[in-house]
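There are 2 protein chains.
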Amino acid sequence: MDRIVVVGGNAAGMTAASRARRLDPRLRITVLEKSPTVSYSTCGIPYFVAGDVEADDLIAFTPARLRNERDIEARTRVAIDTVLPSRRRVEGARLDTGERVGWGYDRLLLATGVKPRLPEIPGTDLENVFSVTTLEDAVRLRPAVEAAERVVIVGAGYVGLEMAESLRRLGKGVTIFEARNQVMPSMDADMARIVEYELERHGVGVRTSSPVDALIGGDGRVTGVKSRGHPGAAPADAVLLDTGVVPNTALAGAAGVRIGATGAIAVNEYMETNVPGVYAAGNCAEAFCIQRRRPVIHYVGTVAAKQGRVAGENLAGRRSRFAGAVGTTVLKVFDMAVGRTGLCSNEAAAERIRAVSARIEAQDRAAYYPTARRIWVKLIADADSRRVVGAQSAGYGDVAKRIDVAAAAITSGLTVDALSQLDLGYTPPYGSLWDPLLVASQALLRKL
Amino acid sequence: MDRIVVVGGNAAGMTAASRARRLDPRLRITVLEKSPTVSYSTCGIPYFVAGDVEADDLIAFTPARLRNERDIEARTRVAIDTVLPSRRRVEGARLDTGERVGWGYDRLLLATGVKPRLPEIPGTDLENVFSVTTLEDAVRLRPAVEAAERVVIVGAGYVGLEMAESLRRLGKGVTIFEARNQVMPSMDADMARIVEYELERHGVGVRTSSPVDALIGGDGRVTGVKSRGHPGAAPADAVLLDTGVVPNTALAGAAGVRIGATGAIAVNEYMETNVPGVYAAGNCAEAFCIQRRRPVIHYVGTVAAKQGRVAGENLAGRRSRFAGAVGTTVLKVFDMAVGRTGLCSNEAAAERIRAVSARIEAQDRAAYYPTARRIWVKLIADADSRRVVGAQSAGYGDVAKRIDVAAAAITSGLTVDALSQLDLGYTPPYGSLWDPLLVASQALLRKL
């Protein structure tokens with residue numbers, strides 16, 4: 000009866016545990032989680048903060064249900080600090096009692112996720128300064144922002160923008176400070192402008208090219224944000240830091256598990272690390288980029304869950320492979336859907352791809368149909384291979400569909416020529432005779 | 000200054016004319032159309048009948064605008080009855096005056112579309128019996144159905160189902176008679192049942208396995224429908240025939256243009272017929288099926304428009320190729336979206352594919368998100384190659400996205416294994432951590 004130990008009970012870890020259980024009912028499966036909760040939707044946190052859903056709605060399985068329905072032992076508030084590969088054993092402490100605890104394993108999965116990368120500026124330790132990577136963080140954040148009038152968000156990545164919407168919908172004054180000259184650094188500047196417009200339309204202050212130098216406070220509590228290029232300090236009753244995350248690799252590193260050039264745990268396509276019997280999956284691990292043919296880091300739940308599923312199959316004795324990812328992400332920013340897949344222009348340039356791009360504006364369905372909405376689609380191609388290498392879209396209509404189709408096209412290595420004739424569905428209520436993706440392909444073909 | 004003549008001014012014909020004009024401003028381009036209108040959205044007709052849009056909304060270009068903005072001469076109510084390839088000339092009659100007219104051409108495009116295939120039963124010539132393939136038909140139909148209380152629709156294809164919704168929304172009693180044992184013959188029976196449920200939920204009578212033997216009338220006007228297996232006659236103030244269409248090939252055939260085994264005009268990938276200088280495109284022409292590697296007929300506007308675009312480029316002197324289609328269609332049936340792409344089970348069986356399928360039910364986005372809706376997804380794979388060969392979906396949520404992604408996967412020849420790990424976008428408002436397509440792929444993998 001093999002013993003499977005999983006460190007980390009979120010997207011990758013819980014998916015792996017559940018998948019292993021499904022494939023082998025005899026395994027002894029233990030999931031060890033530092034936070035008070037396992038098996039919740041991290042991506043749902045902004046909707047919890049906005050009050051659309053309750054925290055419980057985001058939790059798929061409690062430890063009790065995992066035990067009863069899946070025969071998985073999930074232990075929360077257990078902080079593993081030691082892996083002893085030679086003894087196939089993990090050790091740590093119960094956070095409630097401080098008691099030392101340990102588990103032997105036959106196969107171990109590290110699914111330790113990420114931690115916030117806090118900026119190196121004064122004041123991040125002030126009261127009412129938050130970062131949100133876990134549900135626990137969000138539960139702490141919510142009463143504080145409810146009591147606040149003015150919230151400053153530092154950083155304009157996905158979480159920052161989603162939280163801007165959530166906080167605005169709670170009636171808060173919201174200002175975003177972003178060091179770079181655009182929001183959404185994983186998109187091209189021209190597409191990011193469209194998102195900035197939507198933020199501003201909904202009363203969010205957007206301060207790009209505005210690195211934050213200090214959080215200032217009084218009586219130990221944050222009161223404002225000082226940023227280069229802005230006189231005085233922007234007042235803030237609470238500050239949310241969305242300044243990036245880094246993989247949690249300390250446990251792995253101390254155990255002799257190799258950390259890749261990206262800073263995340265190096266794994267092969269079976270999600271195996273260099274240490275026998277030790278696997279890694281999720282945002283603490285590298286993910287193979289289908290386009291760049293090398294490992295990268297994707298901080299998204301979908302990749303974490305897919306890696307977890309592959310890891311779970313292999314923990315149960317299969318030889319399943321993770322196929323890799325193309326960097327697909329979508330998000331909602333007020334009334335606007337935003338998405339990207341493949342490489343953006345900067346990323347293509349970094350790969351020395353001779354990139355050509357075209358951006359079009361179109362209705363997302365028959366223009367005469369009452370629910371038609373405007374979207375923008377940008378496509379990027381490799382002028383040498385003619386392959387589609389990236390797609391970005393934003394707008395008030397069905398953006399997610401175009402991003403997903405583009406993700407399939409990029410994964411398959413379709414050329415712009417092939418994409419431009421793709422047999423996509425059409426009926427006036429759900430699409431256009433010439434889908435915006437096809438129109439964008441046509442525009443791109445004129446430049447190739 | 001080459002003369003381009005296009006017979007038929009709808010999806011394929013107008014797209015071709017516009018594309019040719021864009022590529023070569025010197026061409027003399029004439030479009031000859033039998034009906035009173037060119038350049039309208041055939042797919043929008045049900046929404047005109049329902050009163051969602053006006054007829055004018057469906058018309059993209061009038062002849063005046065085509066002349067002024069695109070330098071295209073569009074002549075309506077001109078019925079071409081003769082092609083003289085040896086003299087490179089077409090001849091016909093003005094329907095208003097009866098006057099004989101003719102045009103010389105250097106290159107001719109036949110985009111003559113389809114005509115209804117009327118059932119060989121008594122009564123189809125009664126008053127208030129309609130078929131709808133043109134906007135003109137719909138304009139005639141609308142006052143008649145507005146005055147009707149009970150409408151019978153014969154045939155449960157796309158148009159029949161869309162019109163059932165339109166008429167029901169006008170408050171009419173609607174009954175559909177379908178000879179086969181399911182609606183939507185291009186979908187599998189289990190998926191068709193889901194659509195039948197939706198029709199019945201909205202008060203549409205669905206009579207499958209009910210071939211209509213006769214339309215009966217009084218004073219020359221239809222009063223009812225007699226069907227095998229039903230005692231008496233179903234009363235009807237109007238009857239709409241959706242008993243299929245056939246390509247308009249008489250003109251082509253008489254000119255020595257080869258008609259293919261499908262019954263449509265045979266064309267090569269350049270949309271050339273066997274007769275030098277004569278092209279064909281749209282629903283009168285065969286379309287190459289990417290999966291079956293042979294010509295088929297697709298009666299959809301998207302394929303017609305794509306063929307028209309290719310034909311237009313070649314009319315202007317390019318050598319563009321039509322890549323083929325995979326049979327993607329989507330439609331709206333009341334609150335339900337319905338779609339299919341690739342081969343359905345019957346079609347796969349006809350190709351001697353060892354087909355395996357799986358159907359799943361899922362929420363179309365994060366189950367806890369307030370706008371999550373239920374959809375069903377069915378995937379069909381070739382057990383030998385493991386390739387995805389078909390996808391069908393129906394439900395109250397985002398069906399079109401899954402169908403389009405499946406269309407891209409099928410076109411690219413993706414295996415179920417590859418589809419099951421496709422990097423699709425996710426955020427709770429627009430999708431699921433495990434997209435329903437991925438879940439369906441996983442279900443299918445268990446059977447392969």
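Just so you know, the protein sequences line up as chains A and B, in that order.
Numbering that gives the first Met the number 0 applies: residue 0 is where the first sequence begins, and numbers increase by one.
Numbering that gives the first Met the number 0 applies: residue 0 is where the second sequence begins, and numbers increase by one.
Even glycine gets a Cβ: it sits at the ideal position worked out from N, Cα and C.
For this session: Closer than 8 Å by C-beta to L447/A: which residues in its own chain qualify, once you throw out the five before and the five after it? Chain order, please.
Result: Your numbering for residue 447/A matches position 448 in the first sequence. Excluding positions up to five away in sequence, the list reads V355, A380, A382, R385, V415.
Exercise. C42/A versus chain B: which residues are under 9 Å apart at the beta carbon?
Worked result: Taking the first sequence and counting its residues from 1, one reaches residue 42/A at position 43. Here the neighbours are A365, Y425, T426, P427, L432.
Exercise. From what residue to what residue does the alpha helix (DSSP H) around F47/B run?
Worked result: In the second sequence, residue 47/B corresponds to position 48, counting from 1. Per DSSP, F47/B belongs to the alpha helix (DSSP H) from 44–48.
Exercise. Using a beta-carbon distance cut-off of less than 7 Å, what residues from the stretch 35–60 of chain A approach chain B?
Worked result: S40, C42, G43, Y46, D51, V52, D56, L57
Problem set entry | Neighbourhood of Y157/A by C-beta, 6 Å cutoff - its chain only, sequence neighbours within 5 removed | Here residue 157/A refers to the residue found at position 158 when the first sequence is read from its first residue. L330.
Problem set entry | Contact the stretch 76–88 of chain B vs the stretch 29–38 of chain B: 3+ CB pairs below 8 Å | yes
Exercise. For the putative contact between S185/B and R291/B, defined by C-beta atoms under 8 Å, what is the C-beta separation to the nearest angstrom?
Worked result: Numbered from 1 along the second sequence, position 186 holds the residue referred to as residue 185/B. Numbered from 1 along the second sequence, position 292 holds the residue referred to as residue 291/B. Not quite, the Cβ-Cβ distance comes to about 14 Å (not below 8 Å), so this is no contact.
For this session: Output, in chain order, the set of chain B residues within a Cβ distance shorter than 7 Å of G338/A.
Result: Against the first sequence, residue 338/A aligns to sequence position 339. In chain order: G424.
Exercise. Taking C-alpha atoms, which residue in D51/A, I58/A, I215/A, G50/A lies nearest to G122/A?
Worked result: Counting from one through the first sequence, the residue named residue 122/A turns up at place 123. Ranking the options by Cα distance to G122/A, first place goes to I215/A.
Problem set entry | Closest by C-alpha distance to D403/A, when choosing among A253/A, A324/A, V173/A | Translated into the one-based positions of the first sequence, residue 403/A becomes position 404. Minimum Cα distance to D403/A is reached at A324/A.
Exercise. Are the C-beta atoms of L421/A and some chain B residue less than 8 Å apart?
Worked result: Sequence index remark: in the first sequence, residue 421/A carries index 422 (1-based). Output row for L421/A: interface = yes.
For this session: Going by DSSP, name the residue or residues bridged to W375/A.
Result: For this step, residue 375/A is matched to residue 376 along the first sequence. W375/A pairs with E360/A, A393/A.
Exercise. Opposite P234/A in the DSSP bridges: which residues?
Worked result: Here residue 234/A refers to the residue found at position 235 of the first sequence. P234/A pairs with G223/A.
For this session: Label M183/B either buried or exposed according to how many other C-beta atoms from any shown protein chain fall within 10 Å of its C-beta, with 16 as the threshold for buried.
Result: Here residue 183/B corresponds to residue number 184 of the second sequence, with the count starting at 1. Under this definition M183/B is a buried residue.
Exercise. Since D403/B meets chain A, which of its residues come closer than 7 Å, beta carbon to beta carbon?
Worked result: In the second sequence, residue 403/B corresponds to position 404, counting from 1. In chain order: K400, V404, L423, G424.
Problem set entry | Own chain, CB closer than 7 Å to G412/B, minus 5 neighbours either side, in chain order | Translated into the one-based positions of the second sequence, residue 412/B becomes position 413. Hits under 7 Å: R386.
Problem set entry | Of the listed residues V173/A, A322/A, G223/A, nearest to M270/A (C-alpha basis) | The residue given as residue 270/A occupies position 271 in the first sequence. M270/A has its Cα closest to that of A322/A, out of V173/A, A322/A, G223/A.
Exercise. How many angstroms separate the CA atom of V131/B from the CA atom of T248/B?
Worked result: Translated into positions along the second sequence, residue 131/B becomes position 132. Translated into positions along the second sequence, residue 248/B becomes position 249. Roughly 19 Å separates the two Cα atoms.
Exercise. Quick one, which of R141/B, V302/B, R220/B has its alpha-carbon nearest L423/A's?
Worked result: Numbered from 1 along the first sequence, position 424 holds the residue referred to as residue 423/A. Measuring from the Cα of L423/A, the nearest candidate turns out to be V302/B.
Exercise. How about A407/A: is its C-beta nearer than 8 Å to some C-beta of chain B?
Worked result: To locate residue 407/A, count along the first sequence from 1; it is residue 408. Yes, A407/A lies at the interface with chain B (some Cβ there is under 8 Å from its Cβ).
Exercise. Could you give the C-beta distance for S440/B and L378/B, rounded to a whole number, given that I count them as a contact under 8 Å?
Worked result: Taking the first residue of the second sequence as 1, we reach residue 440/B at position 441. Taking the first residue of the second sequence as 1, we reach residue 378/B at position 379. Confirmed, Cβ separation roughly 6 Å.
Exercise. What is the DSSP secondary structure of A16/B, reduced to helix, strand or coil?
Worked result: Counting from one through the second sequence, the residue named residue 16/B turns up at place 17. Helix, per DSSP.
Problem set entry | Residue burial classification, N313/A (beta-carbon count within 10 angstroms, cutoff 16) | Within the first sequence, the letter at position 314 stands for residue 313/A. The residue in question, N313/A, is buried, as its Cβ has 16 or more Cβ neighbours within 10 Å.
Exercise. So, is the C-beta of G300/B closer than 8 Å to a C-beta in chain A?
Worked result: In the second sequence, the residue the question calls residue 300/B occupies position 301. Judged by the 8 Å Cβ criterion, G300/B is in contact with chain A.
Problem set entry | Which of helix, strand or coil DSSP assigns to M162/A | Along the first sequence, read from residue 1 onward, the residue named residue 162/A stands at position 163. M162/A: helix per DSSP, three-state reduction.
For this session: Determine, using beta carbons only, whether R372/A and D363/A come nearer to each other than 8 Å.
Result: Here residue 372/A refers to the residue found at position 373 of the first sequence. Here residue 363/A refers to the residue found at position 364 of the first sequence. Result yes, Cβ atoms of R372/A and D363/A sit closer than 8 Å.
For this session: Tell me where the beta strand (DSSP E) around D80/B begins and ends.
Result: Along the second sequence, read from residue 1 onward, the residue named residue 80/B stands at position 81. Looking at the DSSP string, the run of the beta strand (DSSP E) that includes D80/B is 77–83.
Problem set entry | With 16 other Cβ atoms within 10 Å as the buried cut-off, status of G255/B | Start at 1 with the first residue of the second sequence, and residue 255/B comes out as number 256. By the 10 Å Cβ count, G255/B comes out exposed.
Exercise. Whose C-beta lies closer than 6 Å to the C-beta of I359/B among residues of the same chain, with five residues either side of it excluded?
Worked result: Your numbering for residue 359/B matches position 360 in the second sequence. Counting only Cβ-Cβ distances below 6 Å, and skipping sequence neighbours, we find V376, V438, A439, A442.
For this session: Please decide whether Y196/A counts as near chain B, where near means a Cβ-Cβ distance under 8 Å.
Result: Stepping through the first sequence from its first residue, residue 196/A is reached at position 197. So no, Y196/A is outside the interface.
Exercise. According to DSSP, is I120/A helix, strand or coil?
Worked result: Position 121 of the first sequence, counting from 1, holds the residue named residue 120/A. Coil.
Problem set entry | Burial state of N127/B (16 or more Cβ within 10 Å) | Stepping through the second sequence from its first residue, residue 127/B is reached at position 128. Result: buried.
Exercise. Excluding five sequence neighbours on each side, which residues of the same chain lie with their C-beta closer than 7 Å to the C-beta of R87/A?
Worked result: Start at 1 with the first residue of the first sequence, and residue 87/A comes out as number 88. Within the same chain, R87/A has close Cβ partners G103, Y104, D105, G276.
For this session: Quick one: list the residues of chain B neighbouring S384/A, beta-carbon separation under 7 Å, in chain order.
Result: Translated into positions along the first sequence, residue 384/A becomes position 385. Under the 7 Å cutoff, chain B gives no residues; its nearest Cβ is about 15 Å from S384/A.
For this session: Return yes when the Cβ of A265/B is within less than 8 Å of the Cβ of P294/B, no when it is not.
Result: Position 295 of the second sequence holds residue 294/B. Position 266 of the second sequence holds residue 265/B. Contact flag set, yes.
Problem set entry | Delimiting residues of the beta strand (DSSP E) encompassing E90/B | By one-based count along the second sequence, residue 90/B stands at place 91. Note, E90/B: beta strand (DSSP E), 88–93.
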